[in-house]
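Novice: The structure follows.
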Amino acid sequence: MTRGPSDSGPQGAAALRGSMDATTAPHRIPPQMPQYGEANHIFELMQNMLEQLLIHQPKDPIPFMIDHLQRDNDYVPKIVILGPPASGKTTIAMWLAKHLSTNLLSVESLIAKEYSPLAADARMHYQKFKMVPDMLLIRLMQERLKEEDCVRRGWILDGIPETREQALTIQTLGISPRHVIVLSAPDTVLIERNLGKRIDPQTGEIYHTTFDWPPESEIQNRLMVPAGIFEGETARKLLEYHRNIVRILPSYPKILKVISADQPCVDVFYQALTYVQTSHRSNAPFTPRVLLCGPVGSGKSLQAALLAQKYGLINVCCGQLLKEAVADKSKYSDLIQPFFEKEIAVPDNIIMKVLKQRLDQQDCVERGWVLHGFPRDLDQAHLMDNLGYKPNRVFFLNVPFDSVIERLSLRRTDPITGERYHLMYKPPPTIEVQARLLQNPKDSEEQIKLKMDLFYRNSAELEQFYGDAITLNGDQDPYTVFEYIESGIINRLPKKVP
Amino acid sequence: MEARSSRELQARNYLEKHRIMDLLTYLTSALLFFRPERPREYLISILERLRIARLSGVALPFFMDNSNIASMFEMLDSSNKGSISFVQYKEALKTLGLCTAEEVLKDDGHGVTFDKFRNEVKTTGTIDTSKRISPLCDTAVLGQTLPVLKEATVWGR
């Protein structure tokens with residue numbers, strides 16, 4: 001290997017030299033590395049591999065890791081559905097299994113398995129005592145989960161674990177679900193509901209006399225009344241359920257979701273489905289690169305300042321950057337100055353050069369940035385993208401025209417103190433001050449209207465370009481908008497439902 | 001703080017025995033440096049190479065070449081005497097992962113010259129690959145840059 005990570009050009013050499021006293025030299029990581037890491041979810045990949053290694057502790061880690069990578073089953077469904085009798089567990093489990101094309105495991109399906117001595121044992125036990133001993137059940141489950149289709153397509157456990165002992169045994173075996181759904185409803189509702197339960201003996205599907213009556217008459221004729229649905233029986237089962245569930249829940253602290261079963265089946269199903277399709281917050285290191293888009297007066301600068309203050313991101317305001325470049329008399333000032341004088345928009349490539357210089361600085365690379373005021377149309381967006389500055393969160397702030405007018409046209413500045421006021425939100429303290437306030441000509445209605453039209457002409461294309469963008473209502477008070485932005489940054493990007 | 005459970009201790013011992021963390025760090029750095037289109041396949045190919053190298057005991061694919069050994073010797077021999085002390089030599093082998101803390105190396109009284117250092121590294125590096133994870137001795141040089149990568153933790157999500 002002639003060229004390896006140990007001699008990676010000037011940056012690598014600098015890092016190597018710097019690492020002699022690794023604490024003092026600045027760490028120059030090329031931005032492609034974090035972008036690649038984020039795009040391919042490298043952290044989660046490694047984390048999953050390490051988890052599997054620790055759970056199984058194979059004697060020979062390397063072949064084990066090769067197998068694990070080839071299987072590629074990090075994101076298959078691993079769901080547990082728990083709930084009291086008559087809550088609709090089995091129905092929800094069956095619907096989810098069909099929708100996610102995964103395997104459904106329940107006590108009945110496990111003991112009905114053919115060609116397994118364990119299952120035959122379990123069947124005998126069930127016939128005699130009406131329940132299966134814990135260890136037998138767990139071993140049956142383990143056997144089933146090792147099979148190829150469960151490994152490849154995931155599994156849903158319906159009503160297992162039933163007791164805390166089972167839950168703990170499952171944990172020690174290294175079987176851990178990613179989502180646990182608990183259905184809950186008041187006891188009286190459940191007892192009532194159970195009376196109407198009917199089963200179709202052919203398909204095993206559960207119907208209800210009131211809530212879920214099958215439309216086809218042939219199914220209607222087939223339906224049977226299952227055993228154990230009368231009040232006494234149900235009440236007894238409920239008592240036992242409540243005793244057990246309280247001790248099972250603490251085993252799954254962060255992945256639990258309680259859904260009320262006291263609503264139509266379809267609603268419960270949709271809630272369960274959305275939950276199961278979200279991934280939990282990952283521990284991956286994350287450097288936010290946020291882009292705020294919106295018409296003039298939507299609050300972009302304010303939000304950027306709040307973000308910079310709270311999270312230490314670098315606030316990069318495009319307009320500000322250009323003005324600073326001119327004022328500093330840097331090499332770009334001669335290029336930009338004539339455009340400022342004639343009040344024309346500065347051409348894209350000059351802006352990009354100034355922006356590139358800022359975004360490449362160490363503090364931006366290390367701490368992340370919040371950009372606003374650029375790009376304003378599709379060409380600028382393409383330009384930025386080609387140079388490799390891809391934001392990982394994009395927000396569009398929507399503010400109606402009247403609010404913008406209200407926010408901007410009432411801005412005033414005091415020429416003597418330089419203090420900025422707003423006639424509605426931050427009125428000047430004394431009449432004297434108010435008398436001498438001046439308005440920035442850029443804040444006149446016609447100017448605002450022009451700028452807004454310009455923005456809306458380009459915004460459709462921008463929204464299409466940044467497919468993952470989050471649109472927010474900017475017409476609220478600043479701290480509410482800030483909270484929405486925060487949650488957009490911290491949570492994973494929502495997966496688009498196909 | 002309560003005593004660590006036996007399972008946790010067991011897990012930690014497992015990690016140390018097989019040097020899993022070093023291996024994972026090496027894999028991650030390789031991924032980030034080469035940035036292949038298909039990370040899984042790339043990882044599989046690296047692991048396959050490691051596995052074959054282990055089994056066959058052949059000179060390992062990522063072994064240090066002369067320039068790495070030379071630079072390492074230079075780092076240790078800061079006053080350019082031409083030889084390093086025995087303690088330094090032992091520490092160097094430990095960093096390279098070529099000797100464990102308990103192993104006793106002969107101290108022949110004179111310093112370790114560059115040639116001797118290079119020969120030792122080459123031979124101990126290729127023997128007994130089943131016992132040691134010596135394909136990772138490249139990580140020693142890489143290991144200089146790894147703390148750099150680890151500390152900065154500038155990733156994206």
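As given, the protein sequences belong to chains Y and P, one line each in that order.
For the first sequence, the UniProt record's numbering assigns the number 1 to the initial residue and increments by one for each residue that follows.
For the second sequence, the UniProt record's numbering assigns the number 1 to the initial residue and increments by one for each residue that follows.
The beta carbon of each residue, even a glycine, is placed where N, CA and C say it ideally should be.
Only a predicted model underlies this, so the values are computations on that prediction, with no experimental measurement involved.
Check the Cβ of Leu-31 of chain P against every Cβ in chain Y and list those closer than 7 Å, keeping chain order.
Specialist: Within chain Y, the residues near Leu-31 of chain P are Ile-42.
Novice: With a CB to CB cut of under 7 Å and the five nearest residues on each side skipped, what residues in its chain are close to Pro-161 of chain Y?
Specialist: Here the set comprises Ala-167, Ile-170 and Ile-248.
Novice: So is Ser-106 of chain Y buried or exposed if we call it buried at 16+ other beta carbons inside 10 Å?
Specialist: That one is buried.
Novice: Note down, one range per segment and in chain order, each beta strand (DSSP E) of at least 3 residues found wholly within the segment 120 to 178 of chain Y.
Specialist: Qualifying beta strand (DSSP E) stretches, in chain order: 155 to 158.
Novice: My output table needs one value for Phe-230 of chain Y: the three-state DSSP class, helix, strand or coil.
Specialist: Three-state result, Phe-230 of chain Y: coil.
Novice: Residues bridged to Ser-83 of chain P by DSSP?
Specialist: DSSP, once it has assigned bridges, lists P:Thr-113 as partnering Ser-83 of chain P.
Novice: Buried or exposed for Met-224 of chain Y, please, with buried defined as at least 16 other CB atoms from any protein chain shown within 10 angstroms of its CB.
Specialist: By the 10 Å Cβ count, Met-224 of chain Y comes out exposed.
Novice: Short of 6 Å in beta carbon distance, which residues of its chain neighbour Leu-45 of chain Y, apart from the five on each side in sequence? Order them along the chain.
Specialist: If we look at Leu-45 of chain Y and ignore the five residues flanking it on each side, it has no Cβ neighbours.
Novice: Chain Y partners of Glu-48 of chain P, CB-CB under 7 Å?
Specialist: The answer, in chain order, is Ile-66.
Novice: Which residues bound the beta strand (DSSP E) around residue 511 of chain Y?
Specialist: Given a span of 1 to 498 for chain Y in the structure shown, any question on residue 511 of chain Y remains unanswerable.
Novice: Taking the alpha helix (DSSP H) that Asn-40 of chain Y belongs to, which residues open and close that run?
Specialist: Counting along the chain, Asn-40 of chain Y falls outside any alpha helix (DSSP H), and DSSP gives it neither H nor E.
Novice: By how many angstroms is the C-alpha of Ile-66 of chain Y removed from the C-alpha of His-280 of chain Y?
Specialist: Approximately 26 Å, taken between the alpha carbons.
Novice: Given Ala-327 of chain Y, which residues of its chain have a CB within under 8 Å of its CB, disregarding the five upstream and five downstream residues?
Specialist: The residues are Ser-333.
Novice: Tell me whether the segment 461 to 478 of chain Y and the segment 395 to 411 of chain Y touch, counting them as touching only if at least three CB pairs, one residue from each stretch, are closer than 8 Å.
Specialist: At 8 Å Cβ cutoff, the stretches touch.
Novice: Express the C-alpha separation of Gly-159 of chain Y and Leu-82 of chain Y in angstroms, rounding to a whole number.
Specialist: Each residue's Cα considered, the two are about 5 Å apart.
Novice: Apply the 10 Å Cβ neighbour rule to Arg-152 of chain Y and answer buried if 16 or more other Cβ atoms are within range, or exposed otherwise.
Specialist: With fewer than 16 Cβ atoms within 10 Å of its Cβ, Arg-152 of chain Y is classed as exposed.
Novice: Taking a Cβ distance cut-off of 9 Å, strictly less, list which residues of the segment 456 to 474 of chain Y are near chain P, in chain order.
Specialist: Correct list: empty, as no residue qualifies.
Novice: Taking CB distances under 9 Å as the criterion, tell me whether Leu-307 of chain Y reaches chain P.
Specialist: Answer no: the Cβ-Cβ gap between Leu-307 of chain Y and chain P never drops below 9 Å.
Novice: Does the beta carbon of Tyr-14 of chain P come closer than 9 Å to any beta carbon on chain Y?
Specialist: Yes - at least one Cβ of chain Y is within 9 Å of the one on Tyr-14 of chain P.
Novice: In the DSSP assignment, the beta strand (DSSP E) including Arg-198 of chain Y goes from what residue to what residue?
Specialist: From DSSP, the beta strand (DSSP E) with Arg-198 of chain Y extends over 197 to 199.
Novice: Please classify Val-316 of chain Y: does DSSP put it in a helix, a strand, or coil?
Specialist: DSSP places Val-316 of chain Y in strand when its eight states are reduced to three.
Novice: Buried or exposed: which applies to Lys-342 of chain Y, given that a residue is buried once 16 or more other Cβ atoms fall within 10 Å of its Cβ?
Specialist: Classification for Lys-342 of chain Y: exposed.
Novice: How is the beta strand (DSSP E) around Phe-396 of chain Y delimited, first residue to last?
Specialist: Per DSSP, Phe-396 of chain Y belongs to the beta strand (DSSP E) from 393 to 398.
Novice: Based on Cα-Cα distance, which residue from Y:Glu-233, Y:Gln-35 and Y:Ser-301 lies nearest to Pro-478 of chain Y?
Specialist: Considering only alpha carbons, the answer is Y:Ser-301.
Novice: Between Leu-9 of chain P and chain Y, is any beta-carbon pair separated by less than 9 Å?
Specialist: Not an interface residue.
Novice: Please report the residue range of the beta strand (DSSP E) in which Tyr-207 of chain Y lies.
Specialist: 206 to 208 is the extent of the beta strand (DSSP E) around Tyr-207 of chain Y.
Novice: If distances are taken between C-alpha atoms only, which option among Y:Asp-200, Y:Lys-451, Y:Leu-69 and Y:Val-76 comes closest to Asn-103 of chain Y?
Specialist: Closest option to Asn-103 of chain Y, Cα to Cα, is Y:Val-76.
Novice: Could you check which residue in Y:Phe-269, Y:Ile-191, Y:Ser-217 and Y:Lys-78 has the C-alpha nearest to that of residue 507 of chain Y?
Specialist: The structure shown does not extend to residue 507 of chain Y, since chain Y spans only 1 to 498, so no value can be given for it.
Novice: Given 8 Å as the limit, tell me if Ala-97 of chain Y has its C-beta closer than that to any heavy atom belonging to the ligand ZN.
Specialist: Ligands are entirely absent from the displayed structure, and the ligand ZN is therefore not among its contents.
Novice: Any beta-carbon of chain Y closer than 9 Å to the one on Ile-44 of chain P?
Specialist: By this cut-off, Ile-44 of chain P is an interface position.
Novice: Look up His-280 of chain Y in the DSSP assignment and give the residues it is bridged to.
Specialist: The partner list for His-280 of chain Y (beta bridge, DSSP) is empty, contrary to what the question assumes.
Novice: Consider the Cβ of Leu-27 of chain P: report whether some Cβ of chain Y lies at a distance smaller than 9 Å.
Specialist: Yes, because at least one Cβ of chain Y sits closer than 9 Å to the Cβ of Leu-27 of chain P.
Novice: Quick one: any contact between the segment 3 to 20 of chain P and the segment 28 to 39 of chain Y, if contact means 3 or more CB pairs under 8 Å?
Specialist: As far as the Cβ criterion goes, the segment 3 to 20 of chain P does not touch the segment 28 to 39 of chain Y, which means the pair count is below three.
Novice: Can you grab the Cα-Cα spacing for the pair Asn-440 of chain Y / Gln-263 of chain Y, in whole Å?
Specialist: Taking the straight line from one Cα to the other gives about 57 Å.
Novice: Do Met-424 of chain Y and Glu-406 of chain Y have their beta-carbon atoms positioned less than 9 Å apart in this structure?
Specialist: Their beta carbons are under 9 Å apart, which means Glu-406 of chain Y touches Met-424 of chain Y by this criterion.
Novice: Do Leu-190 of chain Y and Ala-261 of chain Y have their beta-carbon atoms positioned less than 9 Å apart in this structure?
Specialist: Yes, these two residues count as a Cβ contact at 9 Å.
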